Each structure stands twice: as structure tokens, then as C-alpha cells.
Amino acid sequence: MEVSVTINGDSHLHDVEPRTLLVHYIRDVVGLTGTNIGCDTSSCGACTIHVNGESVKSCTMLAVQADGQDLLTIEGLADGDVLHPMQESFRQCHALQCGYCTPGMVMAAVSLLDENPDPTEREVRIGLEGNLCRCTGYHNIVKAVLHCAEAQS
Amino acid sequence: MIPAAFDYIRAGSAEEALAALAEHGDEAKLLAGGHSLLPLMKLRLSTPAVLVDIGRLDDLSYINDAGDHLAIGALTRHRDVETSELVQSQAGLLAEATSHVGDPQVRHRGTIGGSVAHGDPASDLPSVMLAMRATLVARGPGGEREIAVDDFFAGFLETSLGDDELLTEIRVPKMPDATWGFQKFNRRAQDWAIVGVSAIVANGSSGVGLVNMDSTPIRAAGVEAALAGGASASDAAEAAAEGTNPPSDLNAGPEYREHLARVLTRRALEAAGR
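Next comes the structure, spelled out in C-alpha cells:
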């Protein structure tokens, strides 16, 4: 089945099997491997991308469901060599250890601030409940999101 | 994990969806937000031959004030329900419980109708439907019919919806003056409830729905009867596990779930001011 999507501003048109998961489409067909697959059961959030500006777990969506939609992955966040403020905040606050959860964590955090630009620490923690960091590096991740919120205000 | 192969039909209207259901019968499954169905399909616990995608039926995504009730389109996303001022003011229990479904990513995709039609005893929203005595509206080849929530949940992951029917609307009584409590006990923030309780009190009558206490979402009828008889929250909550048949899994056995149901019901009733 034909799928036409915009990813990070670029148009893509491919013929995919209906059962193709969106994350596999993005990684294996389009070749954007920044989006990670973690648990593959919609628990860990490593595969979080934006669909029409909102965070979504791309392991729990079919590529055919994304037909005609506007997608953003971690590769599309920076402006050339200039990091997105959230990426910069993760860097400044050392909000990553092994880095595996980071792409999903950053995408979830950007969506969180879009919906709540000035969150409390508790709201950040609740807002990131769909993302697991198995290094348990949550402390600095929360700091980074708060840092970014302040930088953007 | 990749689902088994299926034929994919994207419905452009409710009529197209009904036509696809009429043609393919029980070989077809409806796909809304996909956050209940796709995980099952990835585990191959569900292997529909035909998937009818109703996710684009925007005319079934709405929250309307319909006089004595709120009319909520089946395809309204959790995010839209939890942030709706209308739902927050008229059905606060529903807004609160919805904010506990899954996590933000799940709530961006998942729909109220999908969650309710899935009939999962471990889901949060069916307990709200029971507590608030919602009415479900289904459309089929013979037209529309209303289903009282007490007639809706028929078995494990089964509802009284026919294979050829589409859940189109959820009608929730407007209860602006009600007091309520929602309790969800789980180990990780985003997990299913090990046990959950929705309780609402208005004009002296009460509604209490339980999560994960039987093979279907179930009403705590004993608690409601005790409250009607004037029992205190703690006395009424003692009846929370009556008539239930709680499941056993790696999180909890039946006895522990019965204990949780009593404790959580007491807390929910206390939050509701009983």
C-alpha cells in the first residue's frame, strides 16, 4: 500500500506492507535510524517521534496510519549545526548516560513543553512518564527540561 | 514484533466502515487509535484478516453539551477528553481518570471509544462508564441503538457490540455538583492498574466501578447498596470485593486484589467526601 508522508520537512512516498510499523518504516525504509526501538511494547518511549506536532510512540502505529501526516524525528530537530534548545539543554545538564533513551526522551520533552511551556518539576516527571531511562538518569533529564523551559521563556 | 499480515481498509466515512464490517464479519477488526489493538496484534494474540481503519473519521471526534448529558464522539482522543473544560466541569471523574490512561504519547493517539469498545477489565475508562452510568451508542446496518453500560461488557475483551456495529458515541450524564474519587494502584506510572476504583456521589446516590477485579469491568454493587443504606465509606468499602472474581497474574493474586479493592474503594469514597 502506498504511503506518502513528510518527515523532517522532506516528502517520502513508498509502497509498504500494511503491517509495517511506523518505526520500522522510518528506520529501515527511509533510513533515519536516530529513532530507537527499545521495548517494542509501547512502554519505554525510545521510539517517540512527533506526528502532527505531538509525541507518539512509533512502535504502536502502522506506517499506513501515518499516510498524509507530518512527522518529526530527532534528526529534524536541530537547525543545521545549531542544536534545538532541548538538545542543548540535555547537553548542558548532562542529561544522558548511555544515550539510548535520549532521542525519545528529547522528543517527548519537546512535546511536553509545547503543551505546558512552564511546568513544575512534578509536571515534568509526570509528563515524561512514558519514557524509561534504564541508566535511571532521570534527575538530570528533569533538570534539562526545566532548564530548557526557562531558556525558552 | 510485527503483526500477522492483514488486509487494510481505510474508511472514509462511518458508512464505509459499516459496509466493510458487513462484508468481512468477524474476520474484521476496527482500528481507531490502535493503542489497545496494535499491542495485541504485535503479540499475535489478535490476528484479524481485515483491519478497518476508522482513525480518519473526524466527524466522530467531538465533545458536545447535549442538555442533561455530554455527548462524546467515540474517536475523541484521550488528550482531548482530559483537557476539555466541558468534561472537567461536568464530568470531572472522567477527565481525571483519562489523565491516568497510559502516558502522554498513548493519550495523543488512543480514543475513548477504542478504550471502551476493547472491553478490557484492566482499562481505566470502563470503570468510569460504570460509575457514571454512561450510555453507549452503536450504529449498525439497522440504524442506531443505545446500550446501557450495564448491558455493554459481556466477557473478557468482549462487548455486546455486534460484529457489524460501530460504537459512535459515549453519553455521560452531566454531574457538575458530584463529588468523586479515582484510585489506580500500579507499580510503574504508565502501567495498567493492578486494581483501580472510580467512585462518584451525587444527590445522595452513588456509582462505583472497579478495574481489574473480574474478567469484565465490574460494578461494585455491594458498595453502592451499602452507601444507599447509609453506611460510612469505610463500612461500605468492605463490600468492594463482593461478587467479584479477580484475576491472578504476576502482579497480584485474587486475595491481594480483594484487599486492594477494599482499600482503594475506601480512599475513593473518602475523596468523594463520603
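Keeping their order, the protein sequence lines are chains A and B.
Residues 1 to 153 (the working numbering) make up the first sequence, in order.
Residues 1 to 274 (the working numbering) make up the second sequence, in order.
Think of the CB as a built atom: it goes at the ideal place given N, C-alpha and C, for glycine as much as any other residue.
Note that this is a predicted model, so its numbers are computed, not measured.
Could you pull out every residue in the same chain whose Cβ sits closer than 6 angstroms to the Cβ of residue i, ignoring the five residues on either side in sequence?
{"i": "Cys-44 (chain A)", "result": "Gly-38 and Leu-132"}
{"i": "Met-61 (chain A)", "result": "Leu-22"}
{"i": "Leu-21 (chain B)", "result": "Ala-28 and Asp-164"}
Taking a contact to mean a Cβ-Cβ separation below 8 angstroms, would you say residue i touches residue j in this structure?
{"i": "Ser-13 (chain B)", "j": "Leu-57 (chain B)", "result": "yes"}
{"i": "Val-3 (chain A)", "j": "Asp-67 (chain A)", "result": "yes"}
{"i": "Ser-36 (chain B)", "j": "His-118 (chain B)", "result": "yes"}
{"i": "Ala-71 (chain B)", "j": "Glu-146 (chain B)", "result": "no"}
{"i": "Val-51 (chain A)", "j": "Pro-18 (chain A)", "result": "no"}
{"i": "Gly-99 (chain A)", "j": "Ala-46 (chain A)", "result": "no"}
{"i": "Ile-63 (chain B)", "j": "Ser-84 (chain B)", "result": "yes"}
{"i": "Gly-196 (chain B)", "j": "Asn-212 (chain B)", "result": "yes"}
{"i": "Pro-217 (chain B)", "j": "Ser-160 (chain B)", "result": "no"}
{"i": "Ala-151 (chain A)", "j": "Asp-118 (chain A)", "result": "no"}
{"i": "Asp-114 (chain A)", "j": "Gly-34 (chain A)", "result": "no"}
{"i": "Val-305 (chain B)", "j": "Ala-178 (chain B)", "result": "As shown, chain B starts at 1 and ends at 274. That puts residue 305 (chain B) outside it, with no answer to give."}
{"i": "Gln-190 (chain B)", "j": "Gly-130 (chain A)", "result": "yes"}
Can you tell me whether residue i is helix, strand or coil according to DSSP?
{"i": "His-147 (chain A)", "result": "helix"}
{"i": "Tyr-100 (chain A)", "result": "coil"}
{"i": "Arg-171 (chain B)", "result": "strand"}
{"i": "Gln-190 (chain B)", "result": "coil"}
{"i": "His-24 (chain A)", "result": "helix"}
{"i": "Ala-5 (chain B)", "result": "coil"}
{"i": "Arg-262 (chain B)", "result": "helix"}
{"i": "Phe-152 (chain B)", "result": "coil"}
{"i": "Arg-77 (chain B)", "result": "strand"}
{"i": "Asn-64 (chain B)", "result": "strand"}
{"i": "Ile-49 (chain A)", "result": "strand"}
{"i": "Thr-83 (chain B)", "result": "coil"}
{"i": "Gln-183 (chain B)", "result": "strand"}
{"i": "Ile-126 (chain A)", "result": "helix"}
{"i": "Ile-74 (chain A)", "result": "helix"}
{"i": "Gly-33 (chain B)", "result": "coil"}
{"i": "Gly-207 (chain B)", "result": "strand"}
{"i": "Val-16 (chain A)", "result": "coil"}
Going by C-alpha to C-alpha distance, which of the options sits closest to residue i?
{"i": "Val-50 (chain B)", "options": "B:Arg-171, B:Gly-273, B:Met-213 and B:Pro-3", "result": "B:Pro-3"}
{"i": "Asp-124 (chain B)", "options": "B:Leu-38, B:Glu-242 and B:Val-101", "result": "B:Val-101"}
{"i": "His-259 (chain B)", "options": "B:Glu-144, B:Ser-234 and B:Ala-271", "result": "B:Ser-234"}
{"i": "Gly-204 (chain B)", "options": "B:Ala-272, B:Gly-114, B:Ala-241 and B:Leu-130", "result": "B:Ala-272"}
{"i": "Arg-77 (chain B)", "options": "B:Leu-31, B:Ser-206 and B:Gly-114", "result": "B:Gly-114"}
{"i": "Thr-265 (chain B)", "options": "B:Pro-254, B:Gly-207 and B:Ala-252", "result": "B:Gly-207"}
{"i": "Ala-241 (chain B)", "options": "B:Ile-200, B:Ala-261, B:Ala-11 and B:Ile-112", "result": "B:Ala-261"}
{"i": "Thr-111 (chain B)", "options": "B:Leu-75, B:Gly-92, B:Gly-143 and B:Glu-144", "result": "B:Leu-75"}
{"i": "Pro-176 (chain B)", "options": "B:Ala-189, B:Gln-190 and B:Leu-93", "result": "B:Leu-93"}
{"i": "Thr-41 (chain A)", "options": "B:Ala-95, B:Arg-267 and B:Gln-105", "result": "B:Gln-105"}
{"i": "Val-81 (chain B)", "options": "B:Glu-15, B:Gly-25 and B:Arg-171", "result": "B:Arg-171"}
{"i": "Asn-186 (chain B)", "options": "B:Ala-95, B:Glu-224 and B:Ala-252", "result": "B:Ala-252"}
{"i": "Arg-257 (chain B)", "options": "B:Ile-194, B:Ala-19 and B:Val-87", "result": "B:Ile-194"}
Using a Cβ-Cβ cut-off of 7 angstroms (strictly less than) and excluding sequence neighbours within five positions of residue i, which residues of its own chain qualify?
{"i": "Asn-8 (chain A)", "result": "Leu-72, Thr-73, Glu-75 and Gly-76"}
{"i": "His-94 (chain A)", "result": "Asn-140"}
{"i": "Leu-269 (chain B)", "result": "Gly-181, Ala-199, Ala-233, Ala-236 and Ala-237"}
{"i": "Gly-34 (chain B)", "result": "Arg-109"}
{"i": "Ala-300 (chain B)", "result": "A question about residue 300 (chain B) goes unanswered here, because the residues of chain B that appear run from 1 up to 274."}
{"i": "Ser-55 (chain A)", "result": "Thr-48, Met-107, Ala-108 and Ser-111"}
Can you list, in chain order, the residues of its chain whose CB lies under 8 angstroms from that of residue i, leaving out five sequence neighbours each side?
{"i": "Ser-215 (chain B)", "result": "Pro-121, Gly-155, Phe-156, Asn-245 and Pro-247"}
{"i": "Val-106 (chain A)", "result": "Ile-74, Leu-77, His-84, Met-86, Gln-87 and Phe-90"}
{"i": "Ala-17 (chain B)", "result": "Ala-11, Leu-30, Val-52, Ile-54, Leu-57 and Leu-166"}
{"i": "Leu-48 (chain B)", "result": "The sequence shown places Pro at residue 48 (chain B), not Leu. Phe-6, Glu-27, Ala-28, Lys-29 and Met-41, listed in sequence order."}
Handout entry: Meets three-Cβ-pair contact criterion under 8 angstroms: the region 15–31 of chain A and the region 82–90 of chain A
Key = Counting Cβ pairs under 8 angstroms, fewer than three are found: no touch.
Handout entry: Cβ pair count under 8 angstroms reaching 3, the region 163–179 of chain B against the region 133–152 of chain B
Key = The answer is yes - the region 133–152 of chain B touches the region 163–179 of chain B, with three or more Cβ pairs under 8 angstroms.
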